[in-house]
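The next block holds one structure in the form of structure tokens; read it before the comments.
Protein chains: 2
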Amino acid sequence: MLEVKQIQNGIVIDHIKSGNGLKIFNKLQLYKAESPVVLLINVESKLLGKKDIIKIENTFDVDLNLLGLIDENISINFIKDGRVIDKKKVIIPERVTGLITCKNPRCITNSDDYMQPTFTLISKEKLEYKCNFCDEITKYKI
Amino acid sequence: MLEVKQIQNGIVIDHIKSGNGLKIFNKLQLYKAESPVVLLINVESKLLGKKDIIKIENTFDVDLNLLGLIDENISINFIKDGRVIDKKKVIIPERVTGLITCKNPRCITNSDDYMQPTFTLISKEKLEYKCNFCDEITKYKI
């Protein structure tokens, strides 16, 4: 088994559904990180069978809304001096700003750079969001 | 520091130039792996300052030519029962089959599915290869 020792300071994104680890790595643009980052895929998990894990040294800031959109089973551990100081579960966000593009090509958010696309959740199961500007339904895809 | 314990059976691709780890992960299509895989980026290295490492459990087969094309400083450790049983350095391949596409649009390898594009190295520094069919010079890009 591959195992990774505890990080000293940073965050651990755990219980990522197997297959979603690389997507989250890319969405969070971790390839631009200056500090060490570890992506583990297909790790054994009692809960999920297999899971992916991401460990990021020297980072405490992640977009919980973005993670919630990708995978609502994710848990985040905040580590300081080698000890877990906080744990958070992500949730599917009720309101989303900026992470989704409205699929209506005539929506003002697609033509005006100053209009931030904003959406309201209408279906948790289907990850469907309604645009606050034009009411078009857009499904979030990772 | 992030550290990863030794794997039991598999390979460790070490001394990857920082930034190339994800490219190799993608080129080797490790996102399709069934067994555990670890990608470490920005790990401290005496030799390189920073380096990336990839550890793959239950795999002994990697395309050394492909790795040589991407990064000639890579070393590969083969692990069995937790011990290193073999080490290999990659080299920039003199002959390449299939990994490069000829940039000449009229080259037969771009129109005939049965013709395997084959190239001969003409410049190590620039990673330039000459097509064995049409003599066009193509530079390998990762």
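From first to last, the protein sequence lines stand for chains A and B. FYI, the numbering for the first sequence is 19 to 160, going by my numbering. FYI, the numbering for the second sequence is 19 to 160, going by my numbering. Note that beta-carbon positions come from the ideal geometry of N, C-alpha and C, so glycine has one too.
| task | May I ask you to verify whether the region 75-89 of chain A touches the region 37-54 of chain A, counting CB pairs closer than 8 Å and requiring at least 3? | result | yes
| request: May I have the straight-line CA-CA distance separating E112/B from Y147/B, to the nearest angstrom? | output: Along the second sequence, one-based indexing puts residue 112/B at 94. Along the second sequence, one-based indexing puts residue 147/B at 129. The straight-line gap from Cα to Cα measures roughly 9 Å.
| request: Quick one: using the 10 Å Cβ neighbour count with 16 as the cut-off for buried, is M19/B buried or exposed? | output: To locate residue 19/B, count along the second sequence from 1; it is residue 1. Confidence at M19/B is low in this model, with a pLDDT of 46, below 50, so the placement of that residue is unreliable and no value is reported for it.
| Which value, in whole angstroms, describes the spacing of the CA atoms of K144/A and I29/A? | Numbered from 1 along the first sequence, position 126 holds the residue referred to as residue 144/A. Numbered from 1 along the first sequence, position 11 holds the residue referred to as residue 29/A. K144/A and I29/A: Cα-Cα distance of roughly 29 Å.
| said: I'd like the span of the alpha helix (DSSP H) that includes I110/B, first residue to last. | reply: Along the second sequence, read from residue 1 onward, the residue named residue 110/B stands at position 92. From DSSP, I110/B is part of no alpha helix (DSSP H); its letter is neither H nor E.
| Looking at the structure shown, is T127/A part of a helix, part of a strand, or coil, going by DSSP? | As a first step, residue 127/A must be located in the first sequence, where it is residue number 109. Looking at T127/A - three-state DSSP - the assignment turns out to be helix.
| message | Let me make sure I understand the geometry here. Which of P54/A, L46/A, F137/A, Q134/A has the alpha-carbon closest to that of I25/A? | response | Taking the first sequence and counting its residues from 1, one reaches residue 25/A at position 7. Among P54/A, L46/A, F137/A, Q134/A, the Cα nearest to that of I25/A belongs to P54/A.
| Got a sec? Which residues, its chain only, sit under 7 Å from C142/A by beta carbon, not counting five neighbours each side? | Position 124 of the first sequence, counted from the first residue, corresponds to residue 142/A. The sequence given here places Lys at residue 142/A; Cys does not occur at that position. So the list reads I110, once near-sequence residues are dropped.
| message | What ranges does the alpha helix (DSSP H) occupy inside the region 48-122 of chain A, keeping only unbroken runs of at least 4 residues that lie completely in it? | response | 82-88
| message | So the candidates are E154/B, L46/B, K105/B; which of them puts its Cα closest to the Cα of H33/B? | response | In the second sequence, the residue the question calls residue 33/B occupies position 15. Answer by Cα proximity: K105/B.
| Interface flag, I34/A vs chain B, CB-CB below 8 Å | Working through the first sequence from its first residue, we reach residue 34/A at position 16. With 8 Å as the cut-off, I34/A does not count as an interface residue toward chain B.
| field | Same chain, Cβ closer than 7 Å to E154/B, neighbours up to 5 away in sequence not counted | value | Here the question's residue 154/B lines up with position 136 in the second sequence. Contacts found: C120, K121, N122, C125.
| Residue closest to Y158/A, alpha-carbon to alpha-carbon, out of L117/A, C152/A, S129/A | As a working note, residue 158/A is residue 140 in the first sequence. Among L117/A, C152/A, S129/A, the Cα nearest to that of Y158/A is on L117/A.
| Hey, out of D131/A, N150/A, M133/A, whose CA is closest to I18/A's CA? | Since the first residue of chain A shown is 19 and the last is 160, residue 18/A is not available in this structure.
| said: Just to make sure I have the definition right: I need the residues of chain A whose C-beta is within less than 8 Å of the C-beta of K53/B. Which are they? | reply: As a first step, residue 53/B must be located in the second sequence, where it is residue number 35. The question names Lys, yet the displayed sequence has Ser at residue 53/B. Per Cβ cutoff of 8 Å: N60.
| message | Spatial neighbours of T115/A within its chain, please: C-beta separation below 6 Å, excluding the five flanking residues on both sides. | response | Numbered from 1 along the first sequence, position 97 holds the residue referred to as residue 115/A. Q134, T136.
| message | Between the alpha carbons of Y49/A and R101/B, how many angstroms are there, rounded? | response | Locating residue 49/A in the first sequence gives position 31, where the first residue counts as 1. Locating residue 101/B in the second sequence gives position 83, where the first residue counts as 1. Y49/A and R101/B: Cα-Cα distance of roughly 30 Å.
| task | Starting from I42/A, follow the alpha helix (DSSP H) in both directions and report where the run begins and ends. | result | Here residue 42/A refers to the residue found at position 24 when the first sequence is read from its first residue. Start and end: 39-45.
| message | Taking 8 Å as the threshold (C-beta atoms), are K69/B and K35/B in contact? | response | On the second sequence, position 17 is the one that residue 35/B refers to. On the second sequence, position 51 is the one that residue 69/B refers to. Contact flag set, yes.
| said: DSSP three-state label for F151/B, please. | reply: As a first step, residue 151/B must be located in the second sequence, where it is residue number 133. Coil, per DSSP.
| CB contact flag (V61/B, E90/B, <8 Å) | Your numbering for residue 61/B matches position 43 in the second sequence. Your numbering for residue 90/B matches position 72 in the second sequence. Against a cut-off of 8 Å, the Cβ pair of E90/B and V61/B comes out as no contact.
| query | Checking contacts by CB at 8 Å: is V30/B closer than that to chain A? | reply | As a position in the second sequence, residue 30/B is number 12, starting the count at 1. No, V30/B lies away from the interface with chain A (no Cβ there is under 8 Å from its Cβ).
| task | Could you say which of C152/B, D131/B, N128/B lies nearest to T138/B if we only look at CA atoms? | result | Here the question's residue 138/B lines up with position 120 in the second sequence. With distances taken between Cα atoms, T138/B lies closest to C152/B.
| task | Using the Cα positions of E52/B and I31/B, report the straight-line distance between them to the nearest angstrom. | result | Residue numbering aside, residue 52/B sits at position 34 when the second sequence is read from its first letter. Residue numbering aside, residue 31/B sits at position 13 when the second sequence is read from its first letter. Cα to Cα, E52/B sits roughly 18 Å from I31/B.
| If we ignore side chains and look at the alpha-carbon of each, how far apart do N27/B and D130/A end up? | Mapped onto the second sequence, residue 27/B falls at position 9. Mapped onto the first sequence, residue 130/A falls at position 112. Distance between the alpha carbons of N27/B and D130/A is about 54 Å.
| request: Rounded to whole angstroms, what's the CA-CA distance from L46/A to F78/A? Just pull it up for me. | output: Reading the first sequence from its first residue, position 28 is the one you call residue 46/A. Reading the first sequence from its first residue, position 60 is the one you call residue 78/A. Near 13 Å, if we compare the C-alpha coordinates of F78/A and L46/A.
| task | Below 8 Å on the Cβ atoms is my guess for I103/B versus I97/B; work out the distance and round it to an integer in Å. | result | As a first step, residue 103/B must be located in the second sequence, where it is residue number 85. As a first step, residue 97/B must be located in the second sequence, where it is residue number 79. That belief holds up - the Cβ atoms of I103/B and I97/B are roughly 7 Å apart, short of 8 Å.
| Nearest-angstrom Cα distance between L66/B and G37/B? | Here residue 66/B refers to the residue found at position 48 when the second sequence is read from its first residue. Here residue 37/B refers to the residue found at position 19 when the second sequence is read from its first residue. Taking the straight line joining both Cα atoms gives about 12 Å.
| query | So, helix, strand or coil for I29/B, using DSSP? | reply | Working through the second sequence from its first residue, we reach residue 29/B at position 11. If DSSP states are grouped into helix, strand and coil, I29/B belongs with the strands.
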